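Residue numbers (the UniProt record's numbering): 1 to 48. C-beta atoms are modelled at their ideal positions from N, C-alpha and C, and glycine is treated no differently. Keep in mind that this is a model prediction, so the values were computed, not measured.
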Amino acid sequence: MYNDTQLELTHEQQQQAVEKIQQLVQQGMAHGEAINLVAKQLREQSRK
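And the structure:
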């Protein structure tokens, strides 16, 4: 399930990703699952 696609994110995009991960964790999602979900979303956005 590991995807080695590198994403180049601005500092602002990185901050937004961190905030989204923290929000998901606060809602009860496991850290790893939250990270994978946000990374998947970022990869999908970068393909558009």
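Following the continuous alpha helix (DSSP H) through residue i, name the residue where it begins and the one where it ends.
i, result
"Glu44", "His31 to Arg47"
"Glu12", "His11 to Gln26"
Within a Cβ cutoff of 7 Å, which residues of the same chain sit near residue i, ignoring the five residues on either side of it in sequence?
i, result
"Ile21", "Ala34, Ile35 and Val38"
"Gln13", "none"
"Gln46", "The residue you asked about is not Gln; residue 46 is Ser in the sequence shown. Answer for Ser46: Leu7, listed in chain order."
Straight-line CA distance for residue i to residue j?
i, j, result
"Val18", "Gly32", "13 Å"
"Leu42", "Glu8", "10 Å"
"Gln16", "Ala30", "18 Å"
Near residue i, what residues of its chain come up, given a Cβ to Cβ distance below 8 Å and the 5 sequence neighbours on each side ignored?
i, result
"Met1", "Confidence at Met1 is low in this model, with a pLDDT of 44, below 50, so its placement is unreliable and no value can be given for it."
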